[in-house]
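Numbering (our numbering), first residue to last: 3 to 128.
Just so it is clear, CB atoms sit at the ideal spot from N, CA and C, and this is done for glycine as well.
All remarks here apply to the structure that follows.
Quick look at the structure:
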């Protein structure tokens with residue numbers, strides 16, 4: 003009986019370690035240093051855009067991912083905000099409406115691809 007209990011306890015600890023049993027598992031992680039952002043010339047503005055918040059682990063930056071459908075293609079635009087509020091830094095958070103001034107993204111330097119563009123954004127109020 004004791005042997006079975008010990009084996010069960012070891013199994014439970016091992017399983018818990020594999021799935022990362024934390025009490026605060028659903029809490030947003032803030033134990034990182036967000037990388038600097040630098041922007042270049044102003045490109046324009048966006049208003050009443052919808053998007054979803056994500057964290058880019060390579061560039062260590064939060065961004066808002068949006069998709070624009072045209073007749074020919076779907077274009078993905080990733081906006082890297084300079085002033086995203088802390089309460090919005092949640093993975094997969096839907097942003098129902100955001101506005102801002104958009105700029106060429108200098109740092110981090112990310113090449114635009116055919117259907118994916120990257121911009122810095124300074125969010126503004128509605």
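Check                                                                                                                                    : Outcome
Sequence-distant residues of the same chain with beta carbon closer than 6 angstroms to residue 47, five excluded per side               : 103
Residue closest to residue 65, alpha-carbon to alpha-carbon, out of 75, 73, 79, 74                                                       : 79
Pairwise C-alpha distance: residue 109 and residue 37                                                                                    : 9 angstroms
Chain-order list of residues whose beta-carbon lies under 8 angstroms from that of residue 93 (same chain, five-residue window excluded) : 30, 55, 56, 57
Top-ranked residue by Cα proximity to residue 76, from 86, 83, 125, 119                                                                  : 119
Distance between beta carbons of residue 81 and residue 121, contact taken as under 8 angstroms                                          : 5 angstroms
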